[in-house]
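**Q**
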Amino acid sequence: ASPNQQIVPAVDFCTEHFGNRMFLVGSDYVFPHTANLIIKAQIASTDGKCVGEEYVKMGGQDFAEIVKKIKETKPNIILNTLNGDSNVAFFAELSKNDITCDIIPVMSFSITESEVSKMDIKSLAGNYVSWNYYETTQSLPNEKFVTAYKDTYGQDRMTGDPIEAAYIAVHMWALACEKAQSFDVEKVRIASKGLSYVAPEGIVTIDGGNQHLYKQVRIGKINENGMIDEVWSTPSAVKPDPYLSTYPWARGIN
């Protein structure tokens with residue numbers, strides 16, 4: 013997803029439903045730092061406040077000090093860009109300090125069904141994620157996709173947004189090659205402009221200007237069964253704006 017197809021709408025959702033005092037926590041690598049630059053600019057544009065911004069090294073497990081700061085600053089919402097196993101330790105520390113989704117909810121950008129299945133559902137249920145696809149997405153193509161995926165990799169395996177995105181990429185590349193009648197990179201690139209594909213998440217289309225996909229945005233809520241229920245979505249696929257050129261508040265982000 014481009015930032016306007018995941019991060020920006022999630023921040024808008026949080027502002028509307030929870031408030032505009034936000035605490036940012038992420039792993040110390042490029043995506044969380046970039047995401048949080050965007051988030052801070054967006055928060056400022058709505059007279060909100062970033063009450064904290066903390067990073068841990070990849071795989072970091074010690075969140076005692078960060079959670080202490082969360083308790084002290086009392087944000088309306090935590091925006092989470094932690095990666096991998098760090099999420100297990102972070103949500104465990106929140107639970108240890110009695111910070112539940114009813115007190116301070118968490119909106120995560122890197123937790124899918126696969127991660128949920130490996131974590132303590134008691135500490136996760138009721139919190140939120142922002143993606144374009146969930147295993148529970150209601151469509152006939154997704155029913156077929158989920159069935160085929162589980163038949164191939166095991167009934168206990170979960171699909172999720174990164175898996176579906178990879179599936180889309182291979183199929184759209186193949187369609188572009190067929191249209192170009194070539195494997196030549198430039199010919200395939202030109203042929204891909206405006207190409208559409210009926211994906212598990214819905215119809216996706218390649219934008220001819222930036223080669224990103226039009227995608228529908230979906231906010232999900234983790235349930236007690238370890239699945240993610242869609243609670244909000246855009247009415248249709250959103251035009252990709254990878255550099256947020258249509259957002260006045262994003263000018264000057266670097």
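Numbered by this note's numbering, the letters in the sequence shown go through residues 13 to 266 in order. Glycine is no exception: its CB is placed at the ideal position from the N, C-alpha and C atoms. Just so it is clear, the structure is predicted and the values come from calculations on it, not from any experiment.
The alpha helix (DSSP H) that contains serine 98, what's its start and end?
**A** Locating residue 98 in the sequence shown gives position 86, where the first residue counts as 1. Start and end: 98-108.
**Q** Enumerated in chain order, which unbroken segments of the alpha helix (DSSP H) with a length of 4 residues or greater are wholly contained in the region 147-210?
**A** Those alpha helix (DSSP H) runs which fall completely within the region 147-210 and span 4+ residues are 152-165, 173-192 and 197-204.
**Q** Identify, in the order they occur along the chain, each residue of the same chain with its Cβ nearer than 6 Å to the Cβ of lysine 61, setting aside the five sequence neighbours on each side.
**A** For the purposes of this step, residue 61 is identified with residue 49 of the sequence shown, where counting begins at 1. Closer than 6 Å at Cβ, skipping near neighbours: Arg33.
**Q** For isoleucine 111 and isoleucine 78, which I take to be in contact (beta-carbon distance under 8 Å), what is that distance rounded to the nearest angstrom?
**A** On the sequence shown, residue 111 is found 99 positions in, with the first residue counted as 1. On the sequence shown, residue 78 is found 66 positions in, with the first residue counted as 1. With a Cβ gap of about 11 Å, isoleucine 111 and isoleucine 78 do not count as contacting.
**Q** Which parts of the region 24-112 are runs of the alpha helix (DSSP H), unbroken and 4 residues or longer, counting only runs that do not cross its ends?
**A** The qualifying runs are 42-57, 76-85 and 98-108.
**Q** So, at 8 Å on beta carbons, what are the nonlocal neighbours of leucine 207 in its own chain, with the 5 sequence-adjacent residues on each side left out?
**A** Numbered from its first residue, the sequence shown carries residue 207 at position 195. Met184, Leu187, Ala188, Lys191, Thr217 and Ile218.
**Q** Is proline 87 near the ligand GDP, with its Cβ less than 7 Å from a heavy atom?
**A** No copy of the ligand GDP appears in this structure; indeed no ligand is present at all.
**Q** Span of the beta strand (DSSP E) holding valine 229?
**A** Within the sequence shown, residue 229 is the residue found at index 217, counting from 1. Where valine 229 is concerned, there is no enclosing beta strand (DSSP E), given that its DSSP letter is neither H nor E.
**Q** Do three or more CB pairs link the region 21-35 to the region 89-109 at distances below 8 Å?
**A** Segments in contact, yes.
**Q** Smallest Cα separation from valine 128: which of Asp97, Gln73, Leu106 and Val23?
**A** Residue mapping note: residue 128 aligns to position 116 of the sequence shown, counting from 1. Looking at the Cα atoms, Asp97 is the closest of the given residues.
**Q** So what does DSSP say about isoleucine 133, is it helix, strand or coil?
**A** Within the sequence shown, the letter at position 121 stands for residue 133. Residue state, collapsed to three classes: helix.
**Q** Out of curiosity, what's the CA-to-CA distance linking serine 57 and glutamate 176?
**A** Translated into positions along the sequence shown, residue 57 becomes position 45. Translated into positions along the sequence shown, residue 176 becomes position 164. Taking the straight line from one Cα to the other gives about 33 Å.
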